[in-house]
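The numbering used here numbers the first residue of the sequence shown as 142 and each following residue consecutively.
Backbone N, C-alpha and C define an ideal beta-carbon position, used for all residues, glycine too.
Read through the structure below, which is laid out as structure tokens, and then see the notes.
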Amino acid sequence: MPKFKRCLHVKNDGTVCQAPAMRRRSCCYFHIDVRRRERRKQKARMECELRRQGEAQAAIALNLLRLRNLIDKQLLSKILRELCVEGECCE
Ligand SMILES: [Zn+2]
């Protein structure tokens, strides 16, 4: 049995890297960096998606407020609370 652990990263072709893992880590130096970059990209995508969702909710709320004279006030209030956009809906 080797004195060091092997990298457990599964490559795109389905094979395991097997390079020597960094001390107290499950991956080699290269794949620790690859995984760190992947996490950063995933975090950025999630933040972007949340921002988009927030903007979409704000746009819906704004358009509903423009139609407030045509919509039942209780229903409008309920919808705006559901959208949870800061401002009139979260009173
Ligand atoms: Zn590796």
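Expressed to the nearest angstrom, what Euclidean distance is found between the alpha-carbon atoms of residue i and residue j?
i              : j              : result
proline 161    : cysteine 148   : 6 angstroms
lysine 152     : lysine 184     : 21 angstroms
lysine 175     : leucine 211    : Per the sequence shown, the amino acid found at residue 175 is valine instead of lysine. Those two C-alpha atoms are separated by around 54 angstroms.
arginine 181   : lysine 219     : 37 angstroms
histidine 172  : glutamine 198  : 38 angstroms
leucine 217    : alanine 200    : 14 angstroms
glutamine 215  : methionine 187 : 33 angstroms
arginine 222   : alanine 202    : 10 angstroms
methionine 163 : arginine 207   : 59 angstroms
arginine 178   : histidine 150  : 14 angstroms
arginine 209   : leucine 224    : 15 angstroms
glycine 233    : arginine 165   : Since the first residue of the chain shown is 142 and the last is 232, residue 233 is not available in this structure.
Answer with buried or exposed for residue i, where buried requires no fewer than 16 other C-beta atoms within 10 angstroms of its C-beta.
i             : result
cysteine 169  : buried
glycine 228   : The predicted model places glycine 228 with a pLDDT of 45, which falls under 50 and marks its position as unreliable; any figure quoted below should be read in that light. Exposed.
aspartate 213 : exposed
leucine 205   : buried
Following the continuous alpha helix (DSSP H) through residue i, name the residue where it begins and the one where it ends.
i          : result
lysine 182 : 170-207
serine 218 : 214-224
Can you tell which of the options has its C-alpha closest to the C-alpha of residue i?
i          : options                   : result
lysine 146 : Asp154, Ser167 and Leu208 : Ser167
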